[in-house]
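Protein chains in written order, with the working numbering: chain A, 51 to 169; chain B, 188 to 298.
Idealized CB from N, CA, C, for every residue including glycine.
See below for the structure under consideration.
Structure, rendered in structure tokens:
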């Protein structure tokens with residue numbers, strides 16, 4: 051299979067603090083992971099592509115200094131929301147392409163998501 | 188125009204009904220196509236890939252029309268448990284695997 055684990059599942063924090071979200075591929079190595087954000091009743095919006103051993107590629111309009119992405123190993127990517135504000139409250143979700151080079155590799159497997167609430 | 192467009196619904200159908208969703212995409216170079224299912228406040232789960240020849244998995248049938256740039260999902264004999272949001276996903280850039288999600292179509296199957 052291709053299991054992606056994401057922690058924490060829910061975070062409530064004060065405005066101005068930083069929050070780190072972890073995304074791990076449990077049974078395979080993921081050289082590329084993707085971070086999405088989803089507001090209520092909206093679709094998943096790609097924030098950035100996280101590449102192991104190199105800098106993340108951010109989508110237009112996403113502040114790289116605010117959303118720090120680190121992909122230090124083949125099984126772990128982290129997203130840190132720095133100086134969080136109430137407008138950053140959202141559902142953040144990571145995903146990775148499946149392992150190997152076959153059809154599984156074309157598919158995305160998701161972590162369970164993190165609901166961030168900034169007070 | 189959005190890269191991937193879906194009718195947001197909701198589609199309210201009785202149990203046992205057949206329901207179909209369409210999704211259009213704007214990039215003719217798109218390579219891979221998928222339907223995902225998302226329950227409220229949960230992560231999307233892969234329902235099925237969509238191939239040019241069409242494919243079927245039990246009560247679910249997916250079709251791809253490259254000429255018209257749309258994909259479809261047909262659900263037969265709807266169950267209450269099919270109630271969810273169905274997301275159309277398109278890989279829009281060959282080799283770089285940039286996945287774009289549609290807004291999703293909400294389905295509610297009624298008893």
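State yes or no: is the beta carbon of residue 93 of chain A nearer than 7 Å to at least one beta carbon in chain B?
Answer yes: the Cβ-Cβ gap between residue 93 of chain A and chain B drops below 7 Å somewhere.
Rank A:95, A:82, A:56 by C-alpha distance to the C-alpha of residue 112 of chain A and give the top, closest one.
Checked all of A:95, A:82, A:56; the closest Cα to residue 112 of chain A is A:95.
At the level of alpha carbons, what is the spacing between residue 102 of chain A and residue 294 of chain B?
The alpha-carbon atoms of residue 102 of chain A and residue 294 of chain B are separated by roughly 37 Å.
Applying the 10 Å Cβ sphere with the 16-neighbour rule, what's the burial state of residue 99 of chain A?
Classification of residue 99 of chain A: buried, given that the 10 Å Cβ count is 16 or more.
Say whether chain B places a C-beta atom closer than 7 Å to the C-beta of residue 166 of chain A.
No, residue 166 of chain A does not count as interfacial toward chain B.
Cβ-based burial, residue 212 of chain B [other Cβ within 10 Å; buried from 16]
So residue 212 of chain B ends up on the buried side.
Can you list, in chain order, the residues of its chain with a C-beta nearer than 7 Å to that of residue 267 of chain B? Leave out the 5 residues immediately preceding and following it.
Closer than 7 Å at Cβ, skipping near neighbours: 202, 296, 298.
Residues in its own chain within less than 7 Å of residue 55 of chain A by CB, not counting five upstream and five downstream?
Its chain contains 74, 76, 161 as the residues whose beta carbon lies nearer than 7 Å to that of residue 55 of chain A, once the 5 sequence neighbours on both sides are disregarded; these appear in chain order.
Proximity winner among B:275, B:263, B:234, B:241, relative to residue 194 of chain B (alpha-carbon distances)
Comparing Cα-Cα distances from residue 194 of chain B to each of B:275, B:263, B:234, B:241, the minimum goes to B:275.
Euclidean distance between Cα positions of residue 292 of chain B and residue 243 of chain B:
In a straight line, the C-alpha of residue 292 of chain B is about 20 Å away from that of residue 243 of chain B.
Determine, for residue 286 of chain B, whether the minimum Cβ-Cβ distance to residues of chain A falls below 7 Å.
True, the Cβ-Cβ gap to chain A drops below 7 Å.
Among B:204, B:188, B:221, which one has its Cα closest to the Cα of residue 270 of chain B?
The closest CA to that of residue 270 of chain B, considering only B:204, B:188, B:221, is found on B:204.
Between the Cα of residue 124 of chain A and the Cα atoms of A:146, A:59, A:159, which residue gives the shortest distance?
It is A:146.
For residue 156 of chain A, would you say it is in contact with chain B, using Cβ-to-Cβ distances shorter than 7 Å as the test?
By this cut-off, residue 156 of chain A is an interface position.
Does residue 243 of chain B have its Cβ less than 7 Å from a Cβ in chain D?
Among the protein chains in the structure shown, which are A and B, there is no chain D.
Residue 226 of chain B, buried or exposed, once every other Cβ within 10 Å from all chains shown has been counted against 16
In this structure residue 226 of chain B is exposed. Its beta-carbon is surrounded by fewer than 16 other beta-carbon atoms within 10 angstroms.
Residues of its chain near residue 241 of chain B, where Cβ-Cβ distance is below 8 Å and the 5 sequence neighbours each way are ignored:
248, 249, 250, 251.
Relative to the alpha-carbon of residue 157 of chain A, which residue among A:132, A:149, A:139 has its alpha-carbon at the smallest distance?
Looking only at A:132, A:149, A:139, the smallest Cα-Cα distance to residue 157 of chain A is reached by A:149.
Cβ-heavy atom distance between residue 277 of chain B and the ligand ADP below 6 Å?
This structure simply doesn't include the ligand ADP, nor any ligand for that matter.
Residue of A:64, A:110, A:106, A:121 minimising C-alpha distance to residue 136 of chain A
When the alpha-carbon of residue 136 of chain A is set against those of A:64, A:110, A:106, A:121, the nearest one is in A:64.
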